[in-house]
Amino acid sequence: MKLETAIHYVLAARYPAAFDARTVATRVKRSGAVDGDFSEADALNALCLLAKRFGYAEVFTYADGSQYWSATTKGVSAWTVDGSPYVGG
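Numbering (the working numbering), first residue to last: 372 to 460.
Now the structure itself:
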């Protein structure tokens with residue numbers, strides 16, 4: 372499974388919860404859904420792609436600079452159309 376797809380499924384299954392990029396990366400790694408290794412930076416790039424290109428994710432930035440990512444309703448709808456696959460971790 373592509374990293375972007377796995378991250379999309381992790382966020383959508385847990386909507387409306389929001390997670391930092393490190394937590395998202397850890398959950399995807401634990402799930403074993405992505406072949407090969409990836410870094411937290413790779414996960415952050417995938418999150419940005421999901422947000423900017425597809426509108427499946429959004430970021431919440433707090434005053435202290437911390438960022439948390441969540442699925443959007445569009446992302447949840449797309450996940451539902453895909454059969455609501457669960458990527459655990």
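Note that the Cβ used here is the ideal one computed from N, Cα and C, for glycine as well.
Beta carbon of residue i nearer than 8 Å to that of residue j
{"i": "residue 405", "j": "residue 377", "result": "yes"}
{"i": "residue 384", "j": "residue 457", "result": "yes"}
{"i": "residue 446", "j": "residue 374", "result": "no"}
{"i": "residue 459", "j": "residue 402", "result": "yes"}
Among the options, the one whose alpha carbon lies nearest that of residue i
{"i": "residue 410", "options": "451, 396, 425", "result": "396"}
{"i": "residue 372", "options": "412, 416, 400", "result": "400"}
{"i": "residue 392", "options": "432, 453, 454", "result": "432"}
{"i": "residue 389", "options": "430, 407, 402, 421", "result": "430"}
Three-state class that DSSP yields for residue i in the structure shown
{"i": "residue 434", "result": "coil"}
{"i": "residue 455", "result": "coil"}
Contact belief for residue i with residue j at Cβ below 8 Å, rounded distance in angstroms
{"i": "residue 426", "j": "residue 451", "result": "That belief does not hold up - the Cβ atoms of residue 426 and residue 451 are roughly 15 Å apart, past 8 Å."}
{"i": "residue 441", "j": "residue 380", "result": "Their Cβ separation, rounded to whole angstroms, is 13 Å, which puts residue 441 and residue 380 out of contact at 8 Å."}
{"i": "residue 421", "j": "residue 412", "result": "No, residue 421 and residue 412 are not in contact; Cβ-Cβ is about 15 Å, not under 8 Å."}
Check your understanding: Whole alpha helix (DSSP H) runs in the segment 377-426 with 4 or more residues, listed along the chain?
Key -> With a minimum length of 4 residues, the continuous alpha helix (DSSP H) runs that stay inside the segment 377-426 are 392-402, 411-420.
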